[in-house]
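Just so we're aligned, residue 7 is where the sequence shown starts under the numbering used here, counting upward by one.
Before any comments, here is the structure.
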Amino acid sequence: RPNPREEIKLAKNALFALLANKSATATAIDEAAEELINLNPTGVPTAGAIEGKWMLQYSTEGLVKNVQKLAPNARISQTVDLDAKTVTNMIGEEGDAPIRLQAEANLEVKGPNRIFFKFSDFAGYLGGLKLPLPVQGSGWSDSLFVDEDCRVVRNSLGDLLIYRKA
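Below you can see the structure in the form of structure tokens.
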């Protein structure tokens, strides 16, 4: 049996190989994510491990799937700032997309894995022009696997999100 670090590496490689395979099923991806979750090396992700910028690799969220159909090359990121108590979701990076969407939420740590978020600002950016959009939504997300370069999350809607550290 491999050591825990080697097991994590193998499970991550298997998960990311599935994500690269465009014909992989959501069930297969979910099962691979669960394998990784069972190996989580981080006891309290909300103590700091979730901090930083994360690039979305996979999501079952309807909005994200629609965006990916419309703009398949759009980079989607999430930045968690525990000190400022904010989460910023960005679709399109500054400089690589003519139109970007940015949603900011206040966050509150609710447990070792869970953060509660409530969106406070939502805007579209066309070049340097900020276009305010209606703000709505709140919920929670559980970071169930976190290490130095990977994060697996389930949210209050039951969606699975997989990130790599930026």
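Glycine residues also receive a C-beta, built at the ideal position from the N, C-alpha and C atoms.
Quiz item: Going by Cα to Cα distance, which pick from Phe151, Val159, Leu163 and Asn161 is closest to Ile14?
Solution: Looking only at Phe151, Val159, Leu163 and Asn161, the smallest Cα-Cα distance to Ile14 is reached by Phe151.
Practice problem: Ignore the nearest five residues each way along the sequence and tell me which others in Lys116's own chain have a CB closer than 7 Å to its CB. | Solution: Around Lys116: Phe122 and Trp146.
Quiz prompt | Straight-line gap, Phe125 to Ser144 (C-alpha atoms, nearest Å) | solution = Looking at the two C-alpha atoms, the distance is approximately 6 Å.
Quiz prompt | For Lys116, three-class secondary structure by DSSP | solution = If DSSP states are grouped into helix, strand and coil, Lys116 belongs with coil.
Quiz item: If you count every other CB in all the chains shown that lies within 10 Å of the CB of Ser29, and 16 or more means buried, which is it?
Solution: Classified as exposed, Ser29 has fewer than 16 neighbouring CB atoms from the shown chains inside 10 Å of its CB.
Quiz prompt | Simplified DSSP state of Lys75, which is helix, strand or coil | solution = It is helical.
Quiz item: Can you tell me whether Ile97 is buried or exposed, with buried defined as 16 or more other CB within 10 angstroms of its CB?
Solution: Classification for Ile97: buried.
Practice problem: Name the residue from Pro78, Ala109 and Glu99 whose alpha carbon lies nearest to the alpha carbon of Thr92. | Solution: Selected option, being the one with the closest Cα: Ala109.
Quiz item: Ala32 to Pro140, Cα distance in whole Å?
Solution: Each residue's alpha carbon lies about 31 Å from the other.
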